[in-house]
Amino acid sequence: MSHSEIDQFLAKQDVPALVALATDGNKTLYHTAHGVDPESTFAIMSMTKPITSVAILMLQEQGKLSIDDAACKYLDIFKNRKVVSNVDTSARTYDEVPQEHDFTIRELLAHTAGFGYKFCNDVLFAFDPKSELSFPLVHQPGSQWTYGVSTYVLGNIVETVTRKSLGEALDDLVFKPLGMTSTSFKPRDNQTPPYRWIEDTWQAQPLFPEMPFGDGGLISNAEDYAKFLRCLLAKGAPLINESSFSEMISNQIGDLFVETQPSANPGFTYPFPRGGGVDKWGLGFQIHMQPEPGMRSAGSFSWCGLLNTYFWVDLEKDIAGVLLMQVLPLYEPRCLKALDGFEKLVYEQLA
């Protein structure tokens, strides 16, 4: 089958570098690159999170933890955590109250533990703590969906339980079983730099430093990440059983919804994600509750990374896609245009 229409669309996109790939459960259906080589590596940022989340479910299956355990069972630092109350950002004051309960690993996976990120949380951005972990929780555990450093904490739990560095643990648990030989926390010689739009042109920026963190530090490429996506299309095999997988992609936030996170720091993000007030969250993924006409089915799941890296998985249509770019800020409109056009053409020509 000719893929010329997809090729032509992607070649016209005003982004400095991209790699696009579509796969079904068995094989790569489409793979192309513009501005870089198809094998070029990218900082996938928060596309690290689903991999860390799968590792947590693997450790539960091995009997080494329960996701309903309090996180402080493994990390003493989170005992007696405080929560902000009566926040006044203009006066730069707030009160602290105790947690109503110790947040659990499940709440970390679901982003309901109460952690945020400074770049997309107005309270954290206003008070600018040294780190998000040094600040009280921004809400009571389980009371709200807030995108934040929860998966960083999960990475620390993986290290504690396995007694290995996170890189070693993920290599043993995920990368070696799936044959992901181009994925690690180590910077690569063929790594694509991040870009910003400055003075009417794309300008390359320095590579991010090595970040061996569970919430966003992996370096990978499209073909390697597709191996992980094929695992998800196979309902978790060979990494987790179907019961664990079903839990990962089912609503874990009850009556809550994924909420649009603000552009607290416009240099890093536009408001995100799409689907706020409609979509749910599982154990590591955004779950799309409504179909996108001509695109992903209801029940599909996805996530993205700060440098405009994106993936989605559609079990109903047995197709998944990954689009890797390296652009700040997140949700840069030209990147979203590339994503939407690529996805539509994948469903028109490949699904």
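So for the sequence shown, our numbering puts the first residue at 2; every next one is plus one.
Backbone N, C-alpha and C define an ideal beta-carbon position, used for all residues, glycine too.
Quick caveat: nothing in here was measured; it's all calculated off a predicted structure.
Residues sharing a beta bridge with residue i, DSSP
i      : result
Gln287 : Trp282, Ser303
Ile199 : Thr202
Asp89  : Thr94
Val314 : Phe302, Ala321
Val84  : Val98, Leu138
Phe43  : Ser221
Leu19  : His35
Ser144 : DSSP output for Ser144 lists no bridge partner at all.
Ala71  : Thr105
Thr29  : Thr24
Phe273 : Gln262
Leu331 : Thr270
Ser1   : Nothing in the structure corresponds to residue 1, since the chain is present only between 2 and 352.
Gln192 : Thr42
Where residue i falls, given that 16 or more other Cβ within 10 Å makes a residue buried
i      : result
Arg164 : exposed
Asp77  : exposed
Met2   : With a pLDDT of only 49 at Met2, under 50, the local geometry of the prediction cannot be trusted, and the value read off the model is given with reservation. Label assigned to Met2: exposed.
Ser135 : exposed
Asp315 : buried
Cys336 : buried
Gln204 : exposed
Ala72  : buried
Ala321 : buried
Asp15  : exposed
Val347 : buried
Asp225 : buried
Gln61  : buried
Gln9   : exposed
C-alpha gap between residue i and residue j, whole angstroms
i      : j      : result
Pro213 : Leu219 : 7 Å
Glu293 : Pro142 : 32 Å
Met290 : Ile250 : 11 Å
Pro17  : Gln327 : 8 Å
Arg297 : Leu109 : 26 Å
Leu230 : Thr94  : 45 Å
Val162 : Ala21  : 36 Å
Asn157 : Asp25  : 33 Å
Gln100 : Ser91  : 25 Å
Phe209 : Gly285 : 24 Å
Gly115 : Val88  : 15 Å
Leu340 : Phe312 : 9 Å
Val279 : His4   : 33 Å
Enclosing alpha helix (DSSP H) for residue i [first to last residue]
i      : result
Tyr153 : 151-163
Leu337 : 334-350
Ile7   : 5-12
Asp123 : 123-128
Leu174 : Run containing Leu174: none; DSSP gives neither H nor E here.
Glu293 : Run containing Glu293: none; DSSP gives neither H nor E here.
Glu243 : 243-249
Range of the contiguous beta strand (DSSP E) that encloses residue i
i     : result
Val55 : Segment 49-62 is the alpha helix (DSSP H) holding Val55; no beta strand (DSSP E) there.
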